[in-house]
Amino acid sequence: MFVKPEVLVICPTAAGRMYLGVLLGRIWYQPLLARTVDEAIHHANRSRFAVQILDGDLPLETFKSAIAVIKTHPLTKTIPLVVFASTTAAPPAETLRALGCECVLPKPVDFSLTYATLARLSGQTRHQARVSLHLEVTLEEQLPEAMLICTNISEGGMFLRTPSPPAAGSVLRIRFTLPQDNQLIKAAATVVHRMQLGTTMEKEPGVGLRFSSLAEQDLARIRLFVQRQILGDLRWS
-4 MFVKPEVLVI
6 CPTAAGRMYL
16 GVLLGRIWYQ
26 PLLARTVDEA
36 IHHANRSRFA
46 VQILDGDLPL
56 ETFKSAIAVI
66 KTHPLTKTIP
76 LVVFASTTAA
86 PPAETLRALG
96 CECVLPKPVD
106 FSLTYATLAR
116 LSGQTRHQAR
126 VSLHLEVTLE
136 EQLPEAMLIC
146 TNISEGGMFL
156 RTPSPPAAGS
166 VLRIRFTLPQ
176 DNQLIKAAAT
186 VVHRMQLGTT
196 MEKEPGVGLR
206 FSSLAEQDLA
216 RIRLFVQRQI
226 LGDLRWS
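So for the sequence shown, our numbering puts the first residue at -4; every next one is plus one.
As structure tokens, then:
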């Protein structure tokens, strides 16, 4: 059974803790919320978390003191530290890294960058968020089917359901329109893995595609769609 990696969040404001807690829960992490570094150390005595997050919009001396405690305490000093900081309130990224932060992320949150960073630091194999859906995708290749159903999509690719999956390495030219959108997206995509009918009872037959040619505006459209599906109207204010 998949166990959600635990992530420690240190943030003095209730709104910030709420936002990060909801965000982490929706992207399959278990948040541990702390208002102060003392509360964070209390959590560390009971849990072994994969990543720790610190809100960087604090008075400079308070911020430096918090990092000093985190990076010297035996329970937290070896765990990757991510700082969320707005450009107007926090020290420069170079200063933060010099203090011991593994990564500095912008606030307001860049969802795609945040997802990839947390996945990398926590050792996850998937670095792009994906969402499930039922989407008709038209193929330009001469395959048995002219149209397949996409069952999940990310900014990096999609899964197409088919009982006759083409060979790994095949390049397919596809076109589709995202739900509640009227802009046609055209792309080239490479088959990176295939699941044949009857291989396993748990997985449906089909192919996993990685986009190999996709216009920047279409990438942005897919990225925004995935973000909205996961976060809805959630905002850190």
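Heads up, the beta-carbon is just placed ideally off N, CA and C, and yes, glycines get one too.
What's the gap between the Cα of E56 and the Cα of Q123?
35 Å
Rounded separation between L128 and C96 - CA only:
37 Å
Counted within 10 angstroms of its Cβ, other Cβ atoms place T157 as buried (16 or more) or exposed
buried
So who's on the other strand from E150, going by DSSP bridges?
BP columns for E150 are empty, so no partner.
With which residues is V77 paired in a DSSP beta bridge?
I48 and C98
Could you name each continuous alpha helix (DSSP H) segment of 4 residues or more that falls completely within the stretch 10 to 63, going from the start of the chain to the end?
32 to 39
Backbone CA spacing between M(-4) and W23 [nearest angstrom]
With a pLDDT of 49 at M(-4), under the threshold of 50, the predicted position of this residue should be treated as unreliable, and no value is reported.
Can you give me the Cβ contacts of L28 inside the same chain, cut-off strictly under 8 Å, excluding the 5 residues immediately before and after it?
V4, C6, R12, L15 and G16
Taking contact to mean 3 or more Cβ pairs, one atom from each stretch, closer than 8 Å, check whether the stretch 174 to 188 and the stretch 209 to 223 are in contact.
yes
Reduced DSSP secondary structure (H/G/I, E/B, other) of E136:
coil
Could you give the C-beta distance for I74 and V32, rounded to a whole number, given that I count them as a contact under 8 Å?
13 Å between Cβ atoms; not a contact.
Which residues mark the beginning and the end of the beta strand (DSSP E) in which R189 is found?
I180 to M190
With C-beta atoms as the reference, is R168 less than 8 Å away from I148?
no
Please name the residue in L49, E150, P26 and P103 whose C-alpha comes closest to that of G203.
E150
Could you round the C-beta distance between L18 and L226 to whole angstroms and report it? I think they count as a contact, below 8 Å.
7 Å
Quick check: V77 and I48, are their CB atoms within less than 8 Å of each other?
yes
Which term fits K50, buried or exposed, when burial requires 16 or more other beta carbons within 10 angstroms of its beta carbon?
The residue asked about is misnamed: residue 50 is Asp in this sequence, not Lys. Answer is buried; the Cβ neighbour count reaches 16.
For T71, the nearest candidate out of V46, P54, Y110 and I144 (CA to CA)
V46
For the putative contact between L94 and F79, defined by C-beta atoms under 8 Å, what is the C-beta separation to the nearest angstrom?
Not quite, the Cβ-Cβ distance comes to about 15 Å (not below 8 Å), so this is no contact.
For V202, does the three-state DSSP call read helix, strand or coil?
strand
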